[in-house]
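K.L.:
Residue numbers (the numbering used here), protein chains in the order written: chain A, -6 to 411; chain B, 514 to 671. Here a beta-carbon is modelled for each residue, glycine too, at the ideal position from N, C-alpha and C.
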Amino acid sequence: MTQILFKNINMKDLHTMKVYEEQGGYRSLKKAFAQKPEEIVEAVKASGLRGRGGAGFPTGLKWSFLAKDVFPRYLCCNADESEPGTCKDRELMLKNPHMLIEGMILCAYACRIETGYIYLRGEFHDLNFIMEKALEDAYAKGYLGKNILGSGFNLDIYTHLGAGAYICGEESALLNSLEGERGEPRMKPPFPAVEGLYAKPTVVNNVETLCVVPYIVNEGAEKYASLGTEKSKGTKLVSVSGHVKKPGNYEVVLGTPIREIIYDLAGGIRDGNKLKAFIPGGSSVPMLPADQVDVSYDYESLAAAGTMLGSGAMIVIDDSVNIVETTLRLISFYMHESCGKCTPCREGTRWLYQIVEKIMQNKGQLDYIEKMEDICDNMNMKAFCPLADACVSPVVSSIKYFRSDYEEYFKNVPVGSV
Amino acid sequence: MSGFTFSAEQEKEIENIFAKYPFKKSAMLPLLTLVQRAERRVSPEAMVAISKKMDCSPAYVQSVMSFYTMYHAEKVGKYMILFCINISCQLNGCDKLLEYTAKKLGIKVGETTPDEKFTLHREECLALCTEAPMMRINDTYYGDLTEQRIGQILDSLD
């Protein structure tokens, strides 16, 4: 299986400059500096690379949206990784921090950016030490700083720690947080490419996305685009967790059948149980029932199946679980993380929680499901950012596919108790 | 209120923090983090000290601080245990393990032990789902938890 991001991931001391360089690290810089910045943008466009953080927006296109002739511009690497089920960026930075730095240098050069920040979630304090050491080594080698490798291109990269807020993974909330404010999302437009950090044109890209760029520059856009399906190019890191025998982060070519990810890579369902459901892209995307396990893992196929590839977190649930329990846990998460700015999200998440909690206490009424659907309808696409929509996903999909799990609780409602 | 002053070392660190950003306001979270890590809380006095550095009101410092879960107005224990209860950990039995941990420490979730050694918090996904169930104690991640392993980890901390 083709490995781009995880090619040497378990090699001893890969996180050091010495080993990273021995493996061809930072080789792409000279090649890039011999080209015009626009050529790099074109190559990334041609590669078909799409944002790996969740939204799947074409990366090269995002870069080309930067407001013309407005400087300074900023690069923010989104290392806030907090989508439940997702832990791929952590492994990338922990084991291969220089790959991210190399990708950021290429992006900055392509977009004429001279300052970059790596926004790490506050809980990644351990990774902050690792990234800072790697940055220090990159400065010492002349890969960062003034006049990098005699190219005339300057770049400084700094780390910045958040302090515990899921919403800061949303790009406009991340920018507010980086500006020292409460991490509430901003109204869009203007998009960050026009008015981002300090109201200047800004590129916000996920760790995994940036880590792909050195490969595209080294090997060419065509080679990257030769992997995957017609519209989903390249490889994707998938964090497989839940009831599998071998949970882990795996790199798969887009278009790989989900069955292969769950049963071959992750070893199948453990404890002799059967697959009941899986959430293919982190907790914010709709779950699918076991009979859809042959859907192929790419953006279009998952969209056609009514869900999303999201951040690439495959959460696997076996038949020992009542889906209502899982759903309540997810609602509780979104309720906790709602920043409170928009009413549909702030109130809707709480109402859903109260209703499902009541159902689980055998105090539900049959029309509760309709009520939940109504609340979901009033939350979806009605807030500044997608957090409300994210909460709706598990609720609506759990009702659609596992209505009988809800009905289990209604069976036990004592007569005359509600 | 003059109960809080930055040490000489912290003053130097603050200079380094300011140098990272073109605008001072971006130093807000780093300054709060600096204080939280040193004091295990951000006191009202510290908020005043930060506001002076940031050229803003103490109320503004508090409004930012209150948004983020990693800053605490009340002092937390020497070891801050963040126990993940989100979906992947739930599927792997974290609820029982959290209960076990609370019992072993003799406190309820959300509380600090009387000797101020441990604080136990329920936490949302911390990004180690492939090693669920997991917890974070100060800066260290611990995955593949079992009762036995939790016992060993807690006993090893002094």
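#1: Count the other CB atoms, across all protein chains shown, that sit within 10 Å of the CB of Met514(B); report buried if there are 16 or more and exposed otherwise.
#2: Excluding the 5 residues flanking Glu350(A) on each side, which residues of the same chain have their C-beta closer than 7 Å to its C-beta?
#3: Using a 10 Å radius around the Cβ and a threshold of 16 neighbouring Cβ atoms, would you call Asn242(A) buried or exposed?
#4: Pro279(A): which of Pro65(A), Ile308(A), Ser21(A) sits nearest, CA to CA?
#5: Is the segment 117 to 126 of chain A in contact with the segment 215 to 233 of chain A, if contact means three or more CB pairs nearer than 8 Å?
#6: Taking the straight line between their C-alpha atoms, what separation do you get for Lys23(A) and Ile150(A)?
#7: Can you name the start and end residues of the alpha helix (DSSP H) that Asp6(A) belongs to?
#8: I believe Cys610(B) touches Leu641(B) by the beta-carbon criterion, under 8 Å. Please report the beta-carbon distance rounded to the nearest angstrom.
#9: Excluding the five sequence neighbours on either side, which residues of its own chain have a C-beta within less than 6 Å of the C-beta of Gly47(A), listed in chain order?
#10: Using a Cβ cut-off of 9 Å, pull out every chain A residue sitting near Gln523(B), in sequence order please.
#11: Is Val200(A) helix, strand or coil when you go by DSSP?
#12: Strictly under 8 Å for the Cβ-Cβ distance: is Met514(B) near chain A by that measure?
#13: Write down the C-beta distance between Ile251(A) and Val237(A) rounded to the nearest angstrom, noting that I regard them as a contact closer than 8 Å.
#14: Looking at the strands, I want to know which residues DSSP matches up with His153(A).
#15: Quick one: is Glu524(B) buried, meaning 16 or more other Cβ sit within 10 Å of its Cβ, or exposed?
#16: Counting Cβ pairs, one atom from each stretch, are 3 or more of them under 8 Å apart for the segment 195 to 204 of chain A and the segment 265 to 281 of chain A?
#17: Cβ of Gly173(A) within 8 Å of Cβ of Lys538(B)?
#18: Suppose the cutoff is 8 Å on Cβ atoms and the five residues either side in sequence are ignored; what does the same chain contact list for Tyr67(A) look like?
#19: Helix, strand or coil for Met648(B), going by three-state DSSP, please let me know.
#20: Comparing alpha-carbon positions, which option in Gly235(A), Ala296(A), Lys5(A) lies nearest Lys428(A)?
#21: Buried or exposed: which applies to Tyr394(A), given that a residue is buried once 16 or more other Cβ atoms fall within 10 Å of its Cβ?
#22: To which residues does DSSP link Phe631(B) through a beta bridge?
#23: Per the DSSP calculation, Val231(A) is bridged to which residue(s)?
#24: Could you list the residues in the segment 66 to 81 of chain A with a C-beta less than 8 Å from some C-beta on chain B, going in chain order?
#25: Could you list which residues in chain B have their beta carbon closer than 9 Å to that of Ala306(A), in chain order?
#26: Alpha carbon to alpha carbon, how far is Ser601(B) from Thr643(B)? Give it in angstroms, no decimals.
#27: Taking 8 Å as the CB-CB cut-off, is Arg179(A) touching chain B?
#28: Hey, could you find the ends of the beta strand (DSSP E) Phe517(B) is sitting in?
#29: Quick one: Cα of Asp264(A) to Cα of Tyr613(B), how far?
#30: Reducing DSSP to helix, strand and coil, say where Met374(A) ends up.
#31: Rounded to whole angstroms, what's the CA-CA distance from Leu247(A) to Gly221(A)? Just pull it up for me.
#32: Does Tyr655(B) come within less than 8 Å of chain A when only Cβ atoms are used?
#33: Specify, as a first and last residue, the run of the alpha helix (DSSP H) that Leu345(A) falls within.
#34: Return the first residue and the last residue of the alpha helix (DSSP H) that Val309(A) is part of.
#35: Nearest to Pro571(B) by alpha carbon, out of Thr546(B), Glu558(B), Glu637(B), Thr582(B)?
#36: Count the other CB atoms within 10 Å of the CB of Thr653(B); is the residue buried (16 or more) or exposed (fewer)?
P.N.:
Put simply:
#1: Because Met514(B) sits at a pLDDT of 49, beneath the cut-off of 50, its placement in the model cannot be relied upon, and the point is left open.
#2: If you ignore the 5 residues before and after Glu350(A), its C-beta comes within less than 7 Å of the C-beta of Leu321, all in its own chain and listed in chain order.
#3: buried
#4: Ile308(A)
#5: Counting C-beta pairs with one atom in each stretch, the segment 117 to 126 of chain A and the segment 215 to 233 of chain A have fewer than three that are closer than 8 Å, which means they do not touch.
#6: 19 Å
#7: Per DSSP, Asp6(A) belongs to no alpha helix (DSSP H) and is neither H nor E.
#8: In the sequence as displayed, the identity of residue 610(B) is Leu instead of Cys. The pair is not a contact, with the Cβ atoms about 14 Å apart (cut-off 8 Å).
#9: Gly303, Ser304
#10: Ordered by position in chain A, no residue passes the 9 Å Cβ test against Gln523(B), which lies about 16 Å from the chain.
#11: helix
#12: Since pLDDT at Met514(B) reaches only 49, below the 50 mark, its modelled position is unreliable, and the value read off the structure follows with that caveat. No, because no Cβ of chain A sits closer than 8 Å to the Cβ of Met514(B).
#13: No, Ile251(A) and Val237(A) are not in contact; Cβ-Cβ is about 12 Å, not under 8 Å.
#14: DSSP, once it has assigned bridges, lists Tyr112(A) as partnering His153(A).
#15: exposed
#16: As far as the Cβ criterion goes, the segment 195 to 204 of chain A does not touch the segment 265 to 281 of chain A, which means the pair count is below three.
#17: yes
#18: Ile106, Thr108, Gly109, Tyr110, Gly189, Leu190, Tyr191, Lys193, Pro194, Thr195, Val196
#19: strand
#20: A question about residue 428(A) goes unanswered here, because the residues of chain A that appear run from -6 up to 411.
#21: buried
#22: Tyr592(B)
#23: Tyr243(A)
#24: From the segment 66 to 81 of chain A, only Glu74, Ser75, Glu76, Pro77, Gly78, Thr79, Cys80 have a Cβ closer than 8 Å to chain B.
#25: Ser601, Cys642
#26: 8 Å
#27: No - not a single Cβ of chain B is within 8 Å of the one on Arg179(A).
#28: Segment: none, Phe517(B) is in no beta strand (DSSP E) and carries neither H nor E.
#29: 23 Å
#30: coil
#31: Near 5 Å, if we compare the C-alpha coordinates of Gly221(A) and Leu247(A).
#32: For Tyr655(B), the answer is no, since every Cβ of chain A falls outside 8 Å of its Cβ.
#33: 336 to 353
#34: Segment 306 to 311 is the beta strand (DSSP E) holding Val309(A); no alpha helix (DSSP H) there.
#35: Glu558(B)
#36: exposed
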